[in-house]
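So the sequence shown is numbered by the working numbering: it starts at 215 and just counts up by one. For every residue, glycine included, the Cβ atom is placed at its ideal position computed from N, Cα and C. Everything numeric in this text was worked out from a predicted model, so none of it was measured. Below is one structure, written out as structure tokens; comments come after it.
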Amino acid sequence: MATQEKSSYTKQHEDSCHFPEIIELNVGGQVYITRYSTLVSIPGSTLWEMFSEKNPCSLIQDNKGRFFVDRDGFLFRYVLDYMRDQQVVLPDHFPERGRLQREAEYFKLPELVKMLTPKMNTLNSVDNSLCQSDLDELSPNSDTIYNLSSSNVIRVSGSVNPLALTIGTGSDLKKAGFITIGYRGSYTLGRDSQTDSKFRRVARIMVCGKISLAKEVFGDTLNESRDPDRPPERYTSRYYLKFNFLEQAFDKLADAGFHMVGCNSTGACAGTHDQTDDKIWTSYTEYVFYRD
Numbered sequence: 215m216a217t218q219e220k221s222s223y224t225k226q227h228e229d230s231c232h233f234p235e236i237i238e239l240n241v242g243g244q245v246y247i248t249r250y251s252t253l254v255s256i257p258g259s260t261l262w263e264m265f266s267e268k269n270p271c272s273l274i275q276d277n278k279g280r281f282f283v284d285r286d287g288f289l290f291r292y293v294l295d296y297m298r299d300q301q302v303v304l305p306d307h308f309p310e311r312g313r314l315q316r317e318a319e320y321f322k323l324p325e326l327v328k329m330l331t332p333k334m335n336t337l338n339s340v341d342n343s344l345c346q347s348d349l350d351e352l353s354p355n356s357d358t359i360y361n362l363s364s365s366n367v368i369r370v371s372g373s374v375n376p377l378a379l380t381i382g383t384g385s386d387l388k389k390a391g392f393i394t395i396g397y398r399g400s401y402t403l404g405r406d407s408q409t410d411s412k413f414r415r416v417a418r419i420m421v422c423g424k425i426s427l428a429k430e431v432f433g434d435t436l437n438e439s440r441d442p443d444r445p446p447e448r449y450t451s452r453y454y455l456k457f458n459f460l461e462q463a464f465d466k467l468a469d470a471g472f473h474m475v476g477c478n479s480t481g482a483c484a485g486t487h488d489q490t491d492d493k494i495w496t497s498y499t500e501y502v503f504y505r506d
């Protein structure tokens, strides 16, 4: 009887040390669910080492039993896509390419690292390790505007037909389009028309326009939490900036080649200060920028 109980316990222990077919991961606070076969699909990778050479008991788990990986949870989606298909598609004007390359190095995915670091040879040709999104960006169907003032030619070779593009030395591969900057502000107008130090207090700077243009200009300073995962060629009016200095936004637009083509503003008296005669005014202003 004792022998029976021991062998039953041993069998239960052995079963608990095998990975299930469906794996739940907690990567930097982001939850991912995938197949075990996906995680071990690339021999020698970090995930292959974790889930083939170790057992569940030896890996760190969170309080819900999910396997924990202390890496960037947002960028891991691209790592997982590569593990599934051995290719990766990035959004237009993807600002996290350098960080994603670092993640690929950590997870020991040398082919993904190559895709993220296209290099030019002595003939000014780009190798065929471009990501699919890069090839889409260089497609003749794209609305990309090229500077024809230079004779430099980039030739793209690979699984697509060779394509020759003439680009300039300044704003290369820049798309034309509009970006609208809007903000709600407030100021206090006191007696003798004197304003206090809270003049033009900006609460939030909003960004309207094409997704790809907004990401190109503002990069990491663009807050996308209210309109995430939107296609790059679509438009949005729900983005806003993580800072509240209009001049900083104008500098970024100027550096990207945009110039202001229009402006409008409205204002209204929101009330009067309880202890003074100062009137509190609110305003909404929009600036329209264009790059041709």
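Per the C-alpha coordinates, the member of VAL431, GLU267, ASP299, LYS466 positioned closest to PRO309 is VAL431. Looking at the DSSP output, PHE321 sits in no beta bridge, so it has no partner there. Here ILE236 is exposed: its Cβ has fewer than 16 other Cβ atoms, across all protein chains shown, within 10 Å.
Distance from ASN240 to ARG280 at the Cβ level is roughly 4 angstroms; contact confirmed, criterion being Cβ atoms closer than 8 angstroms. Inside the region 429 to 473, DSSP marks whole alpha helix (DSSP H) runs of 4 or more residues at positions 460 to 469, from first to last along the chain. For SER497, the enclosing beta strand (DSSP E) stretches over residues 493 to 505.
The region 268 to 279 and the region 314 to 333 do not touch, with fewer than 3 CB-CB distances between them shorter than 8 angstroms. For the pair of segments examined, the region 289 to 304 was found not to touch the region 437 to 450: the number of CB pairs separated by less than 8 angstroms stays below three. Taking every protein chain shown into account, the CB of PHE265 has 16 or more other CB atoms within 10 angstroms, so this residue is buried.
Inclusion of HIS307 and PRO442 in the CB contact set at 9 angstroms is not warranted, their separation being larger than that value.
Taking a C-beta distance under 9 angstroms as the contact criterion, THR496 and GLY399 qualify as a contact pair. Counting the other Cβ atoms within 10 Å of the Cβ of ALA428 gives 16 or more, which makes it buried. DSSP, read as helix, strand or coil, puts ARG311 in helix. Going by DSSP, ARG280 is part of no beta strand (DSSP E) at all; its letter is neither H nor E. Per DSSP, GLU263 is one residue of the alpha helix (DSSP H) stretching across 260 to 266.
Straight-line spacing of the CA atoms in THR480 and ILE494 works out to 14 angstroms. Taking C-beta separations shorter than 6 angstroms and ignoring five residues to either side along the sequence, the partners of LYS424 in its chain run GLY391, TYR449, following chain order. In the same chain as VAL327, and ignoring 5 residues on each side of it, the C-beta atoms closer than 8 angstroms to its own belong to GLN315, ALA318, GLU319, in chain order. By alpha-carbon distance to TYR454, the top candidate from THR402, ILE256, MET420 is MET420. When the five nearest sequence neighbours on each side are left out, the beta carbons in the same chain lying within less than 8 angstroms of the beta carbon of GLY433 are those of PRO309, in order along the chain. Distance between PHE288 and THR248, taken at the CA atoms: about 16 angstroms.
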